[in-house]
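Enquirer:
Numbering (my numbering), first residue to last: 278 to 670.
Shown next, in the form of structure tokens:
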């Protein structure tokens, strides 16, 4: 068993646990944005990488692969702090390092496969086909989200405890759709695996919840699937990333047909992902509120309230936030805001305008855009179990 949870703020000086992770995430994201800006402003890709298609794909990708490895090393300190120190449930350092190396190795392979696919297509079929391949990569990552999450981190499949069947019946979801996994990271909440919601990955730790609170969480996921909000979140994220993919190439006058173009693409898409970090949380919060209302209509507001309170304590444990902090950094509203909205007894639930976890999906699918920003944000920095299935509501 891992060590018990620390009380909020314990071990992090005058800062709360949530604020410590927020500042760490700001530092990591800021470093990524600064590095990407320097790459573009000082024309480093043009100076350090081949700018023509004369270099073979293999030789071009060799240099790009070394650069990708250097990018991984750049974030090691942030990952170490976020995965081994500024966490409640600490692993021994050698064990954490093993997990980290596994996670970055998978990301490096995804980047290399993406780079190879984009370069080959850009050279042989042109820009339009390259956009099509980029969209296909995003769709593939979205479809394989569950299997890749288990490849990135040791998410061990587990027989569903009886309480899950009871909660599934209360929530109206088919218990056979649940895939229970065991992980030591208490922030793991799982989610739908795939574009069309068929398999719901849930943490074994949720068996500690009262059955009503567990039913509320399952009711939320069921409502998200039935309303189409999950699909809209995935497709909206793909659309956002694809828009950035096209704009970066146009503004930088580059193409992924060259090594220079791939490095430029990584830098530009990192800046585009940062814009998404600022803009996409707002529609994401709206979907969270709507999912709360939909679950309350199914299992009752008291059960949803219990679920919100307990799961938030396993994640940020931050009851309130300033409006500015929440607006910029948090796609999931603060606990107090969710409870206040829930107490209004509003009706309506999820509607066609809601795209659930839009901001989270855009970050995960950013792996196919060659940007490291998805694992630098405060909610999952250094915690490989959360890199594909980021913490949520």
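No residue lacks a Cβ here, since even glycine has one placed at the ideal position from N, Cα and C.
In this structure, what does DSSP give as the bridge partners for residue 456?
Expert: According to DSSP, residue 456 bridges with 478.
Enquirer: Does the separation of the CB atoms of residue 501 and residue 607 fall below 7 Å?
Expert: No, the Cβ-Cβ distance between residue 501 and residue 607 is not below 7 Å.
Enquirer: For residue 386, is the classification buried or exposed, using 16 other Cβ atoms within 10 angstroms of its Cβ as the cut-off for buried?
Expert: Result: exposed.
Enquirer: Taking DSSP's pairing of strands, which residues face residue 468 in a bridge?
Expert: In DSSP, residue 468 forms a bridge with 478.
Enquirer: Going by C-alpha distance, which of 487, 548, 503, 323 is nearest residue 628?
Expert: The residue with the shortest Cα to Cα distance from residue 628 is 503.
Enquirer: Quick one, which of 619, 450, 545 has its alpha-carbon nearest residue 499's?
Expert: Closest option to residue 499, Cα to Cα, is 450.
Enquirer: Hey, how far is the Cα of residue 401 from the Cα of residue 517?
Expert: About 26 Å.
Enquirer: With a threshold of 16 other CB atoms inside 10 Å of the CB of residue 576, please say whether the residue is buried or exposed.
Expert: Buried, because 16 or more other Cβ atoms sit within 10 Å of the Cβ of residue 576.
Enquirer: How do the stretch 488-497 and the stretch 562-579 stand: do at least 3 beta-carbon pairs fall below 8 Å, yes or no?
Expert: Output reads yes: the stretch 562-579 touches the stretch 488-497.
Enquirer: In whole angstroms, give me the CA-to-CA distance for residue 303 and residue 655.
Expert: When rounded, the distance between both Cα atoms is 7 Å.
Enquirer: By the DSSP assignment, the beta strand (DSSP E) with residue 433 in it spans what residues?
Expert: Its beta strand (DSSP E) spans residues 433-435.
Enquirer: Residue 530: buried (16+ other C-beta within 10 angstroms of its C-beta) or exposed?
Expert: Exposed, since its Cβ has fewer than 16 Cβ neighbours within 10 Å.
Enquirer: Three or more beta-carbon pairs under 8 Å between the stretch 477-496 and the stretch 580-588, yes or no?
Expert: Judged by Cβ distances under 8 Å, the stretch 477-496 makes contact with the stretch 580-588, as three or more pairs qualify.
Enquirer: Taking all protein chains shown into account, do 16 or more other C-beta atoms lie within 10 angstroms of the C-beta of residue 593, making it buried, or fewer, making it exposed?
Expert: Flag for residue 593 reads buried.
Enquirer: Which of the three DSSP states, helix, strand or coil, is assigned to residue 364?
Expert: In the structure shown, residue 364 sits in coil (DSSP, three-state: anything other than H, G, I, E or B).
Enquirer: If residue 545 and residue 354 are in contact, beta carbons under 8 Å, what's the gap, nearest whole angstrom?
Expert: Residue 545 to residue 354, Cβ: 24 Å. No contact.
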